[in-house]
Structures are given as structure tokens and as C-alpha cells.
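Numbering (my numbering), first residue to last: 2 to 159.
Backbone N, C-alpha and C define an ideal beta-carbon position, used for all residues, glycine too.
Please read these numbers as outputs of a predicted model, since none were measured by experiment.
Structure record follows, encoded as C-alpha cells.
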Amino acid sequence: MKKGCSILLLATTLLTLGCKSQAVEKETDQVTKTIQTNASEIAGEWELVEIKFRQMTDEKLEDLFPLKTPFLVIDTEAMIIFGNNGCNVYRGPIKSITDTSLLLDKGLASTLKYCSGVKPLVYMQVLGEAKEYKIENDTLLLQSKDKEVYLKYKKINN
2 MKKGCSILLL ATTLLTLGCK SQAVEKETDQ VTKTIQTNAS EIAGEWELVE IKFRQMTDEK
62 LEDLFPLKTP FLVIDTEAMI IFGNNGCNVY RGPIKSITDT SLLLDKGLAS TLKYCSGVKP
122 LVYMQVLGEA KEYKIENDTL LLQSKDKEVY LKYKKINN
């Protein structure tokens, strides 16, 4: 009786582990396919050409970022983004990429250099709100779900 219970317990354990392992493999394959679908389009270096945020003023991009134009680099293989916000360097992990969404991890790491007259916090706030993207003619548009805020980039270093 004990031997029969032990065999039954062992068989159940092996079956459970086998099913769980197969489910993890399927999930990993699905994520990889999603990344590969978008990697050729969204991967690379992008320079900011336009920004829209909720308390938008008449300031031009050159007025908001007089020292350096912000840029973004998307590395789909390492699943990270990094760039410059017009003053400071930032970096952080990408949570997921689909055909229309790019989800970043909250709290991107950034240097804390002071730059007079620059609005890097505005850029970082808008970047943090961006959840959707679309690409047309070497232009990347990152926008919030309500489309109230966005960042528009042009592809550089093709």
C-alpha cells in the first residue's frame, strides 16, 4: 500500500512539473516572438523632434532643451532603454513590447546634474506616461493611452 502511494505521488509530481515547464517554455517563446516582430522597427537611436504635455506652453523644443536635444536608444535584445533628457543620462529596463505598446519600468535611473534653463523633468514625466507607440516613415511616436501627452522622435544612425 505504501509503495503504491509513493509511486502515485511520484507520478503526480513529475506530471505537474512537466506541465509547468511546458507552460513556461510557451510563455518564453511568445515573448521572444513579440520582441522579434518589433525589434527591427523600434530598436535603435531616436532624437526628439516634438513634445506635448498637459501644461504645454508656447515654448519651442529649443527653449525647453537649450543645451542638448533629448534622445532615446531602444535595445530590444537587452530589453533596456537609455538616452539623454537634455541634461542628464537615463537608463532603465523595458517591461514589455507588443505591436503597439512599450511598457517601461517605473523609476528610470538618471544622473542628477543641474542644468540651468533645461526642463529634463518634463521629458522624464512624459516618457514615464508613454504606453503606446507607432512608427511611420522613420518617426517614432510615444504617447499616453489618452493621447494627451506624447514624444515624437526621428530615427538617427540608420
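Q. Got a sec? Which residues, its chain only, sit under 6 Å from K153 by beta carbon, not counting five neighbours each side?
A. Apart from the 5 residues on each side of it in sequence, K153 sits with its Cβ closer than 6 Å to the Cβ of V50, E51 and L142 in its chain, given in chain order.
Q: Using three-state DSSP, classify V74 as helix, strand or coil.
A: Strand.
**Q.** Alpha-carbon to alpha-carbon, K155 and G45
**A.** Approximately 11 Å, taken between the alpha carbons.
Q: Could you work out which residue in L113, L122 and K96 is closest to F66 when comparing CA atoms only?
A: Sorting L113, L122 and K96 by C-alpha distance to the C-alpha of F66 places L122 at the top.
**Q.** Where the alpha helix (DSSP H) through Y124 begins and ends
**A.** Residues P121 to E130.
Q: Hey, could you find the ends of the alpha helix (DSSP H) L68 is sitting in?
A: DSSP places L68 in no alpha helix (DSSP H); its state is neither H nor E.
Q | Other residues of its chain near L113: CB distance less than 7 Å, five sequence neighbours each side excluded | A | These residues qualify, in order along the chain: N89.
Q.
Taking the beta strand (DSSP E) that Y134 belongs to, which residues open and close that run?
A. DSSP places Y134 in the uninterrupted beta strand (DSSP E) bounded by E133 to E137.
Q: Could you check what DSSP says for E42 in three-state terms: helix, strand or coil?
A: If DSSP states are grouped into helix, strand and coil, E42 belongs with the helices.
Q. When burial is assigned at 16 or more other CB atoms within 10 Å of the CB, is T77 buried or exposed?
A. Sixteen is the threshold: when 16 or more other Cβ atoms of the shown chains lie within 10 Å of the Cβ of T77, as they do, the residue is buried.
Q: Could you please give the first and the last residue of the uninterrupted beta strand (DSSP E) stretch that includes Q144?
A: DSSP places Q144 inside the beta strand (DSSP E), whose first and last residues are T140 to Q144.
**Q.** CA nearest to the CA of K146, picked from T101, T140 and A79
**A.** Closest by alpha carbon: T101.
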